[in-house]
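Here the structure is laid out as structure tokens; the discussion comes afterwards.
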């Protein structure tokens, strides 16, 4: 409106000048001197151009004011672009979910945004599912979730949720799948190979520290080996640190040392059930050799 | 067997309801099955307790065994205690937590013993990688009082510890320190969250929600509350195994006006259920 007022004042001034000009033209009998006339002429021309320009500007502004007063919200233009951004995010989310359906990631639309479901699996076995209910707003936030409290969800969200939702989902998938895989191995070991263990498996919530005493011959009476497995990388299902100690009382140490070392290698490279299956199979082979 | 231990075992067994006696004794696993079968469980409770205490004496039950029985009794009767919640935190950017339960237990006990010679610390592993800790406090000159212990329930690799209400507030700082250091945390604060129901507290702090879809039902015609001239004034007491969820469903069910008082709805988000309401 300030511009509008200025424009109107300039126009009024121009009109006054024009009337003055026409009056002075009428009053003057003598032809005006050339230089004076040409000076005034240019001045008039310049002022007319300025007037036309200001008129056009005034018209534009009037039109804009009419348009904005017709709509109730003054910030309509700003809101529309935000909605577009939100809509864009939704489309992006849909595309990501369609692409990742095969990696155990699926989602469904909710009134607030989207609920992502992460299905975990380990070596072809389908394990637990977890969900994350996202509210599509600025900032993007998690409304509800069923992620276990010891999974670093807050850390992962802080790093990626706002800037790269794809990476956020991928990262969370990695952590959950790895946790599910470690838990599956520990549960399976306790359940299917209990005969090889002296007592329960020592573990923790993340299943990233396992400690147990074991034997390799099912018929053996003593449990000569102690294992301590650390999984320092929470995105993997194989240990990062393996310590096998021999606590038997057998005199012949070289064969036990060889076994201990080979066990270490096995635990580093194979999932737990495979390690113990190979112990069981070796035991069978040993039996067979005794028979023949 | 120490007289005080015998008395402690006797009083603990006396607390056990007859309907739970066998279950709890089996869970204790101190008196073997075949010995339990020789006991007459149909006699008067006082006589039964006497027989059981004699059996414990013959097996030389220690304070450790007695404390374990006390933990099991409390686990079966957790609602008899009021539980507080402590929240611990770590420094940002710390290494992955390789929680070792045995190291936690020994570290926890060591810290308590270093400060207080007269203390009884007992542990019992629980499901979901949790541990129940029982602490009987003594003083520099007095032996631990076995009849006023504090319980702590800690789920490994989580920042939360649940503690039973302790009358002796003076030992809380030491307990907090032991918990924090043993579990590789740096700070500990008490939350404004308190309940008799450990499961409810767990659900709130571990944020374990079910994937529910609430529907608004608007057919609520007739009945005693409909079309009254005067408002119905009464006192309503809510009790439920899942009170917060039940309250949340009141408005969508058309029973209460929305929005519900923020005092009720802020509980899961704020992790508080303990409010002080004052007159302005």
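Residue numbers (the working numbering), protein chains in the order written: chain V, 927 to 1218; chain F, 47 to 326. No residue lacks a Cβ here, since even glycine has one placed at the ideal position from N, Cα and C. Keep in mind it's a predicted model, so treat the numbers as computed, not measured.
{"Asked": "Under 7 angstroms between C-beta atoms of residue 165 of chain F and residue 190 of chain F", "Found": "yes"}
{"Asked": "Residue of F/199, F/216, F/219, F/204 minimising C-alpha distance to residue 210 of chain F", "Found": "F/199"}
{"Asked": "Distance between residue 230 of chain F and residue 1248 of chain V (C-alpha atoms, nearest Å)", "Found": "Past the edges of chain V, shown from 927 to 1218, lies residue 1248 of chain V, and the structure says nothing about it."}
{"Asked": "C-beta contact flag for residue 131 of chain F and residue 293 of chain F at 7 angstroms", "Found": "no"}
{"Asked": "Opposing strand residues paired with residue 132 of chain F [DSSP bridges]", "Found": "F/207, F/236"}
{"Asked": "7 angstroms CB neighbourhood of residue 71 of chain F in its chain, flanking five on each side removed", "Found": "77, 82"}
{"Asked": "Chain V contact residues for residue 97 of chain F, given Cβ-Cβ distances below 9 angstroms", "Found": "Simply none; closest approach about 32 angstroms."}
{"Asked": "Reduced DSSP category for residue 1086 of chain V - H, G, I as helix; E, B as strand; rest coil", "Found": "helix"}
{"Asked": "Validate contact between the stretch 1098-1116 of chain V and the stretch 226-241 of chain F using beta carbons, cut 8 angstroms, 3 pairs", "Found": "no"}
{"Asked": "C-beta atoms of residue 1045 of chain V and residue 1033 of chain V nearer than 7 angstroms", "Found": "no"}
{"Asked": "Neighbour list for residue 202 of chain F in chain V, Cβ cutoff strictly below 7 angstroms", "Found": "1130, 1131"}
{"Asked": "Residues of its chain near residue 110 of chain F, where Cβ-Cβ distance is below 7 angstroms and the 5 sequence neighbours each way are ignored", "Found": "168"}
{"Asked": "CA nearest to the CA of residue 1155 of chain V, picked from V/1135, V/1017, V/1065, V/986", "Found": "V/1135"}
{"Asked": "Cβ shell of residue 102 of chain F (< 6 angstroms), same chain only, five flanking positions each side left out", "Found": "55"}
{"Asked": "The stretch 1141-1155 of chain V touching the stretch 1192-1208 of chain V, judged by at least three CB pairs closer than 8 angstroms", "Found": "yes"}
{"Asked": "Proximity test, Cβ basis, 7 angstroms: residue 1192 of chain V and chain F", "Found": "no"}
{"Asked": "Bounding residues of the alpha helix (DSSP H) (the contiguous stretch that carries residue 1105 of chain V)", "Found": "1091-1118"}
{"Asked": "Assigned exposure category for residue 1093 of chain V - 16 Cβ within 10 Å defines buried", "Found": "exposed"}
{"Asked": "Residue 1042 of chain V beta carbon less than 7 angstroms from that of residue 1222 of chain V", "Found": "Given a span of 927 to 1218 for chain V in the structure shown, any question on residue 1222 of chain V remains unanswerable."}
{"Asked": "Nearest-angstrom Cβ-Cβ length linking residue 1129 of chain V and residue 1104 of chain V, presumed shorter than 8 angstroms", "Found": "Contact flag wrong, Cβ pair sits at about 15 angstroms."}
{"Asked": "Neighbourhood of residue 985 of chain V by C-beta distance below 7 angstroms, restricted to the same chain and skipping five residues each side", "Found": "none"}
{"Asked": "Same chain, Cβ closer than 7 angstroms to residue 1121 of chain V, five either side skipped, listed in chain order", "Found": "1144"}
{"Asked": "Residues that residue 1051 of chain V contacts on chain F, provided the C-beta gap is smaller than 7 angstroms", "Found": "Neighbours of residue 1051 of chain V on chain F: none; closest Cβ ~21 angstroms, over 7 angstroms."}
{"Asked": "Under the three-state DSSP convention, the category residue 152 of chain F falls into", "Found": "helix"}
{"Asked": "Close-in-space but distant-in-sequence residues of the same chain around residue 1040 of chain V (CB under 6 angstroms, 5 per side omitted)", "Found": "1019, 1033, 1060"}
{"Asked": "Bounding residues of the alpha helix (DSSP H) (the contiguous stretch that carries residue 122 of chain F)", "Found": "109-122"}
{"Asked": "7 angstroms Cβ cutoff met for residue 180 of chain F and residue 206 of chain F", "Found": "no"}
{"Asked": "Chain V contacts from the stretch 122-148 of chain F (Cβ-Cβ distance under 9 angstroms)", "Found": "138, 141, 142, 143, 144, 145, 146, 147, 148"}
{"Asked": "Closer than 9 angstroms at the beta carbon, the chain F residues around residue 1134 of chain V", "Found": "142, 143, 144, 145, 203"}
{"Asked": "heavy atom of the ligand MG below 6 angstroms from residue 119 of chain F C-beta", "Found": "Absence of the ligand MG is noted for the structure shown, with no ligands found whatsoever."}
{"Asked": "Straight-line gap, residue 1110 of chain V to residue 1162 of chain V (C-alpha atoms, nearest Å)", "Found": "13 angstroms"}
{"Asked": "Where residue 1158 of chain V meets chain F, residues with beta-carbon distance less than 9 angstroms", "Found": "141, 142, 144"}
{"Asked": "Alpha carbon of residue 188 of chain F to alpha carbon of residue 1065 of chain V, nearest angstrom", "Found": "58 angstroms"}
{"Asked": "Closer than 7 angstroms to chain V by CB, residue 175 of chain F", "Found": "yes"}
{"Asked": "Under 7 angstroms by beta carbon: chain V residues contacting residue 72 of chain F", "Found": "Residues of chain V passing the Cβ test: none, with the nearest at roughly 18 angstroms."}
{"Asked": "Collapsed DSSP secondary structure at residue 1209 of chain V in the structure displayed", "Found": "helix"}
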